[in-house]
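Heads up: the structure comes next, in C-alpha cells.
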Amino acid sequence: MTPLGRMAISSRPAREMSALKRDESIFAIRAAFISHRPGGRHVEDGLQGYRGPARRILEGAGMRVGDEVELTLSDGGSIAGVLMPRYEHADCEHITVKLRNGYNAGVAVSRIVGIRMIGRPSPEPEEVSQPSRPPSIPRGDVIIIGTGGTIASRIDYRTGAVTPVFRPEDLYSRVPGLGDIAKVQTDVLFNILSENMTPDHWTAIAERIGRAVSDGYRGIIITHGTDTMHYTAAALSFSLEGLPVPVILVGAQRSSDRPSSDASSNLRAAVLAASRGEFSGVYIAMHRNLSDHEIAIHPGVKVRKNHTSRRDAFQPVNSRLAAVVDLRSMGIEMLADLPPRGDPGSLRVRAGFDRRAFLLKYFPGMDGGVIDNLVDRGYRAIILEGTGLGHVGKYVHESIHGAIERGVFVGMTSQCIWGSVRMTVYDTGRDLLKMGVVPLEDMLPEVALVKAMWLLGQGVGPDEMRTLMPSNLRGEISRRRLVEYE
Numbered sequence: 007m008t009p010l011g012r013m014a015i016s017s018r019p020a021r022e023m024s025a026l027k028r029d030e031s032i033f034a035i036r037a038a039f040i041s042h043r044p045g046g047r048h049v050e051d052g053l054q055g056y057r058g059p060a061r062r063i064l065e066g067a068g069m070r071v072g073d074e075v076e077l078t079l080s081d082g083g084s085i086a087g088v089l090m091p092r093y094e095h096a097d098c099e100h101i102t103v104k105l106r107n108g109y110n111a112g113v114a115v116s117r118i119v120g121i122r123m124i125g126r127p128s129p130e131p132e133e134v135s136q137p138s139r140p141p142s143i144p145r146g147d148v149i150i151i152g153t154g155g156t157i158a159s160r161i162d163y164r165t166g167a168v169t170p171v172f173r174p175e176d177l178y179s180r181v182p183g184l185g186d187i188a189k190v191q192t193d194v195l196f197n198i199l200s201e202n203m204t205p206d207h208w209t210a211i212a213e214r215i216g217r218a219v220s221d222g223y224r225g226i227i228i229t230h231g232t233d234t235m236h237y238t239a240a241a242l243s244f245s246l247e248g249l250p251v252p253v254i255l256v257g258a259q260r261s262s263d264r265p266s267s268d269a270s271s272n273l274r275a276a277v278l279a280a281s282r283g284e285f286s287g288v289y290i291a292m293h294r295n296l297s298d299h300e301i302a303i304h305p306g307v308k309v310r311k312n313h314t315s316r317r318d319a320f321q322p323v324n325s326r327l328a329a330v331v332d333l334r335s336m337g338i339e340m341l342a343d344l345p346p347r348g349d350p351g352s353l354r355v356r357a358g359f360d361r362r363a364f365l366l367k368y369f370p371g372m373d374g375g376v377i378d379n380l381v382d383r384g385y386r387a388i389i390l391e392g393t394g395l396g397h398v399g400k401y402v403h404e405s406i407h408g409a410i411e412r413g414v415f416v417g418m419t420s421q422c423i424w425g426s427v428r429m430t431v432y433d434t435g436r437d438l439l440k441m442g443v444v445p446l447e448d449m450l451p452e453v454a455l456v457k458a459m460w461l462l463g464q465g466v467g468p469d470e471m472r473t474l475m476p477s478n479l480r481g482e483i484s485r486r487r488l489v490e491y492e
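Residue numbers for the sequence shown, in my numbering: 7 to 492.
If you want it as C-alpha cells, here you go:
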C-alpha cells in the first residue's frame, strides 16, 4: 500500500478537501518537525505524553513523535500518518497519528498488531528562495509584525511548543502566492497568547508601528491571537493619531496543520489590503463567511469576536464592513468611505494607557459593594455593561452615585450586541442620568474600556472624561444606525 492510502477514518472530509488545502496541511505538519534548531527548547523524551502499553509498543519499534508511521490493525487494515504527542492527562491505551487529510486519529493499542516507520523528518529545513514578483507590483513596502497567535506559527510536535514562522522565506514557502502580492519584511515583537496581552503590549505595538511608518512601509500587518484582537485594534485606533497607512490585524481560528485552517487565506488578504489598498486606519482581516474566497476587512473600533471557533467569528457591530478582499480575483471591494492614505509625517503616536479603568457587567442581584471596592482601590473609570437600553438595578444606584461623587467616571454601555443605549426611556435610566452616568451610545463595551484607559493615560481629568468619552474620536460611535447588519 502507499502511505496513508488505506484508511476509512474521516474519508468524507478528505474527499471534500481541495488538493491545495490538503497539501498545505500536510506540508505544515512536516515543516513542524524540521524546525528544531540549536538553542531552542528541547525535550529529551521523544515520546511526549505516552505511557503504559502505548509507550511500550512505540519504544519497542524505536519510534518517536514526528515520525511517519504505519499501524497494522487486527482486522487486516492499516492506518498511516505522523505520530503525534499525547497530552499529560491522556489515557495510556491509544496512539495518536495525524492523517494525511489533516485530521487526528486515536488508535486503540488493543487493535494494533504491528508498526513500522515510513519516514523520519530531517533535522534542518531547506532554504526557500524568494519567488519572483511581477514588475507591476511595487517593491516591499509591507512589514508583518508578530505578536503571537497561530496565524504565523508552527507547532513542534516533539516539544509541544508553538514557535513563530517569521523569516520572510518561511512565510513565502508556507503561504502560497504571497510572493506574488508583495515583498514582505518581518519582525517578531513578542510571541504571547492573546489573553496575556496587557496595555503595556498595546503601547509597544503602537510604538513599533510608529517606527515602521517612519521607515516608509506602505502597509503594516500585526499577527495576533484572535481572543483579544478587537481590544488591541481599538487600542491602536486611539493611539495612532493621523495614521497615514493601513494597519491590519490578522489572526487564525485554526492552526496551519488543520485542513480547515484559515491562516494562509487571512494572511494573503491582509498583505493584499495593506499593500494595494488606498486607505488608512486600523482594521481586522478575517473570514467573511465559511468560504475561503472572501476575507472581510473590519473597522478596528466596530468589530468583535462573536463565535468561539468559526472562521467567520468576527463581525462588524452597528457598522458595515470596511472592505472585502476577493482571493479569486485578488481585488478589493470598498464597502465604506475610508480615510485615504496620507503623509507619513502626519502620524502622532499617543500611546500610554492607565489601567485604572474597569469593565463591569451588571447582573440581577449584583452587590453594590463591588463598585465601592473598585473606587476604594483607586479606579478612575467604570464602564458599566447594563441591560437593554442601559439599566442596572436600583440596589446599586447608591454605590454608583457615591463613585461619581468621588470623581470616578461612570459610563453606560449595553450587554446587547446590536443597538444603542437610550437612558431616557425608563425611570431607571433617567435616574442614572441625573446621578451623572454618561450614556455611550452604541460604543462596544470593550472599546469603551480601552478608550477610557487611553484617555486616562493621556492625563485627561474627570470633567474632560465626561466630554470626550461620548465624543466620536475614531468612528467608535455610529453616526447612523443600521437596520440590517452583516
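Idealized CB from N, CA, C, for every residue including glycine.
- According to DSSP, residue pairing for R122 in a beta bridge involves E76.
- Contact between A328 and I303 holds, since their C-beta atoms are separated by about 5 Å, short of 8 Å.
- One alpha carbon belongs to D448, the other to S477, and they sit about 12 Å apart.
- Membership of L255 in any alpha helix (DSSP H) is not indicated; the residue belongs instead to the beta strand (DSSP E) covering 252-256.
- The Cβ atoms of H230 and T153 sit closer than 7 Å to each other.
- Boundaries of the beta strand (DSSP E) around N110: 110-114.
- Look at the region 397-462 and you find these whole runs of alpha helix (DSSP H), each 4 residues long or longer: 403-411, 433-441.
- Secondary structure note for T473: its alpha helix (DSSP H) is the uninterrupted segment 468-474.
- Apart from sequence neighbours up to five positions away, the residues of its chain that approach G87 with a beta-carbon distance below 6 Å are V103, K104, L105, ordered along the chain.
- For the 7 Å CB-CB criterion, A239 and L255 form a contact.
- Distance from the CA atom of S352 to the CA atom of G337, rounded to whole angstroms, is 28 Å.
- Of G55, D81, P127, S220, the smallest CA-CA separation from I101 is found for G55.
- The three-state secondary structure of F244, taken from DSSP, is helix.
- Distances from the CA of L273 to each of F244, Q321, G442, V331 were compared; the closest alpha carbon is that of V331.
- When DSSP reads this structure, L390 sits in a beta bridge with L366, M418.
- Beta-bridge pairing by DSSP links L89 to V103.
- Counting along the chain, G52 sits inside no beta strand (DSSP E), nor does DSSP assign it H or E at all.
- Annotation: N202 to R472 spans about 30 Å, alpha carbon to alpha carbon.
- Taking C-alpha positions only, H299 is separated from S266 by approximately 13 Å.
- The shortest CA-to-CA distance from V453 to any of F244, H293, I157 is the one to F244.
- Within the same chain, and ignoring the five residues on either side of G216 in sequence, the residues whose Cβ sits closer than 6 Å to its Cβ are V355.
- Cβ contact annotation for V115 (same chain, cutoff 7 Å, sequence separation greater than five): P59, A60, I63, E99, H100, I101, in chain order.
- Between the region 69-81 and the region 116-125 there are three or more C-beta pairs closer than 8 Å, enough to call the two in contact.
- Contact between the region 308-323 and the region 177-185 is absent: fewer than three C-beta pairs spanning the two stretches fall below 8 Å.
- The beta carbon of V309 sits closer than 6 Å to those of H236, I290, F320, P322, all from its chain and outside the five residues before and after it, given in chain order.
- Note that the C-beta distance between V113 and I157 is not below 7 Å.
- By the neighbour-count criterion, in which a residue is buried when 16 or more other Cβ atoms sit within 10 angstroms of its Cβ, E247 is exposed.
- In the DSSP assignment, V288 is bridged to V253.
- I187 and Y178 have their C-alpha atoms spaced approximately 10 Å apart.
- About 11 Å separates the beta carbons of S426 and G394, which is beyond the 8 Å limit, so they are not a contact pair.
- Assigned with DSSP and collapsed to three states, A328 falls in coil, not helix or strand.
- V219: member of the alpha helix (DSSP H) spanning 205-220, first to last residue.
- When only Cα atoms are considered, G465 and R224 end up about 32 Å apart.
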